[in-house]
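Trainee: This structure is in structure tokens; I'll ask about it shortly.
Numbering (this note's numbering), first residue to last: 1 to 287.
In structure tokens:
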């Protein structure tokens, strides 16, 4: 049965993809067999993480990015993570409600995941979901975290490019640029930039990033990725083409020697995450 499901996923059948994701969510005993069967696929998708504070407009930004990449002819999958209740274990899974305009598009697959107690802004099963979606032939996977704080940074271990979304008027503007979030961002987006204070928020981010570059050695900074700060109004698609261009430039940087080192480091971390998840599934089934 598992082999048949894997074969259907490899053919890109939407129902099979959903069934495989459900099996992973349920932490069934056959997860290891399914993942192994899907690893015969040599297709690799680009994984872009979108993280930031609650209310910053991550879901709207993700929806806009889906539109942009679909216009480029890419098949896009979205994994949207929502927080689980500490009492019932359930989750509203409401992020995909904001993406309804894509539901009828056969080139788009949207899946909501619950954190189920996991810390760091992601679900424990997110890496196995990535394996399924890669095997199904998607070109791009957009990974939207729950609304996160300054130390919930797991997305940077899974995604090859991480967008950190902030917005003006959140009170203490410096909160958005404290060291944890600052260090994982490959692109900063000041969303809702039509609000008062957007220019100030973008300027403070740029100043903080420049301070970090000055502290770094000249040799290291010459090869390092220079994190751009972009202003967007995702609700009206303002600034999204520039964001897609910045992400393309970051991917090109990842093919440089410095970028390859970071890509390899994240690949090792990702492999450890999958191994840990599979071990936990096996232990759970044994108990």
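Cβ coordinates follow ideal geometry from the N, Cα and C atoms, glycine included.
Hey, how far is the Cα of residue 246 from the Cα of residue 39?
Mentor: Within the chain shown, numbered from 1, the residue matching residue 246 stands at position 246. Within the chain shown, numbered from 1, the residue matching residue 39 stands at position 39. Whole-angstrom Cα-Cα distance: 30 Å.
Trainee: I think residue 234 touches residue 240, with their Cβ atoms under 8 Å apart; what is that distance to the nearest whole Å?
Mentor: Position 234 of the chain shown, counted from the first residue, corresponds to residue 234. Position 240 of the chain shown, counted from the first residue, corresponds to residue 240. Their Cβ separation, rounded to whole angstroms, is 7 Å, which keeps residue 234 and residue 240 in contact under 8 Å.
Trainee: Between residue 47 and residue 159, how many whole angstroms is the CB-CB distance? I'm expecting something under 8 Å.
Mentor: Here the question's residue 47 lines up with position 47 in the chain shown. Here the question's residue 159 lines up with position 159 in the chain shown. Between residue 159 and residue 47 the Cβ distance is about 5 Å, and since that is below 8 Å, they are a contact.
Trainee: Given this structure, state the Cα-to-Cα distance separating residue 23 from residue 3, to the nearest angstrom.
Mentor: As a position in the chain shown, residue 23 is number 23, starting the count at 1. As a position in the chain shown, residue 3 is number 3, starting the count at 1. Between residue 23 and residue 3, the C-alpha separation is close to 13 Å.
Trainee: Taking the beta strand (DSSP E) that residue 162 belongs to, which residues open and close that run?
Mentor: As a position in the chain shown, residue 162 is number 162, starting the count at 1. Here the beta strand (DSSP E) through residue 162 covers 161-166.
Trainee: Considering only residues of the same chain and omitting the five flanking positions on each side of residue 229, which have a CB-CB separation below 6 Å?
Mentor: On the chain shown, residue 229 is found 229 positions in, with the first residue counted as 1. Answer for residue 229: 188, 202, 205 and 206, listed in chain order.
Trainee: What residue range is occupied by the uninterrupted beta strand (DSSP E) comprising residue 112?
Mentor: For this step, residue 112 is matched to residue 112 along the chain shown. That run of the beta strand (DSSP E) goes 108-114.
Trainee: If you compare alpha carbons, which of 21, 32, 26 and 45 is closest to residue 140?
Mentor: For the purposes of this step, residue 140 is identified with residue 140 of the chain shown, where counting begins at 1. Checking every option, the nearest Cα to that of residue 140 belongs to 45.
Trainee: At the level of alpha carbons, what is the spacing between residue 51 and residue 11?
Mentor: Here residue 51 corresponds to residue number 51 of the chain shown, with the count starting at 1. Here residue 11 corresponds to residue number 11 of the chain shown, with the count starting at 1. For residue 51 and residue 11, the distance between alpha carbons rounds to 31 Å.
Trainee: Would you kindly work out how many angstroms separate the C-alpha atoms of residue 69 and residue 27, rounded to a whole number?
Mentor: Residue mapping note: residue 69 aligns to position 69 of the chain shown, counting from 1. Residue mapping note: residue 27 aligns to position 27 of the chain shown, counting from 1. Cα-Cα distance, rounded: 32 Å.
Trainee: Using DSSP's beta-bridge definition, name the partner residues of residue 231.
Mentor: Residue 231 sits at position 231 when you count from the first residue of the chain shown. The bridge partners DSSP lists for residue 231 are 190.
Trainee: Compute the Euclidean distance between the alpha carbons of residue 145 and residue 109, then round it to the nearest angstrom.
Mentor: Residue 145 sits at position 145 when you count from the first residue of the chain shown. Residue 109 sits at position 109 when you count from the first residue of the chain shown. Taking the straight line joining both Cα atoms gives about 17 Å.
Trainee: Does the beta-carbon of residue 255 have 16 or more other beta-carbons within 10 angstroms, so that it is buried, or is it exposed?
Mentor: Position 255 of the chain shown, counted from the start, is the residue given in the question as residue 255. The residue in question, residue 255, is exposed, as its Cβ has fewer than 16 Cβ neighbours within 10 Å.
Trainee: Per DSSP, what kind of secondary structure is residue 259 in: helix, strand or coil?
Mentor: Along the chain shown, one-based indexing puts residue 259 at 259. If DSSP states are grouped into helix, strand and coil, residue 259 belongs with the helices.
Trainee: 7 Å is my cut-off, CB to CB: does residue 61 come that close to chain D?
Mentor: Of the protein chains in this structure there is only one, and it is not chain D.
Trainee: With the cut-off set at 7 Å, would you say residue 21 and residue 111 are in Cβ contact?
Mentor: As a first step, residue 21 is located in the chain shown; it is residue number 21 there, counting from the start. As a first step, residue 111 is located in the chain shown; it is residue number 111 there, counting from the start. Yes; because the gap between Cβ atoms is below 7 Å, this pair is in contact.
Trainee: From residue 192 to residue 57, what does the alpha carbon distance come to, in whole angstroms?
Mentor: Here the question's residue 192 lines up with position 192 in the chain shown. Here the question's residue 57 lines up with position 57 in the chain shown. If I take the Cα positions, the gap works out to 8 Å.
Trainee: Closest to residue 182 by CA distance: which of 15, 166, 194 and 196 is it?
Mentor: Taking the chain shown and counting its residues from 1, the one referred to as residue 182 is at position 182. For the residues 15, 166, 194 and 196, the minimum Cα distance to residue 182 belongs to 166.
Trainee: State the DSSP-derived secondary structure class of residue 25, mapped to helix, strand or coil.
Mentor: Your numbering for residue 25 matches position 25 in the chain shown. If DSSP states are grouped into helix, strand and coil, residue 25 belongs with the helices.
Trainee: Quick one: residues in its chain with C-beta nearer than 6 Å to the C-beta of residue 156, no 5 flanking neighbours on either side, listed in chain order?
Mentor: The residue you call residue 156 lines up with position 156 of the chain shown. Only 162 and 184 meet the Cβ criterion.
Trainee: Name the one or two DSSP bridge partners that residue 51 has.
Mentor: Indexing the chain shown from 1 puts residue 51 at position 51. The partner list for residue 51 (beta bridge, DSSP) reads 164.
Trainee: For the alpha helix (DSSP H) containing residue 81, list its first residue and its last residue.
Mentor: For the purposes of this step, residue 81 is taken as the residue at position 81 of the chain shown. Premise fails: residue 81 lies in the beta strand (DSSP E), 76-82, not in any alpha helix (DSSP H).
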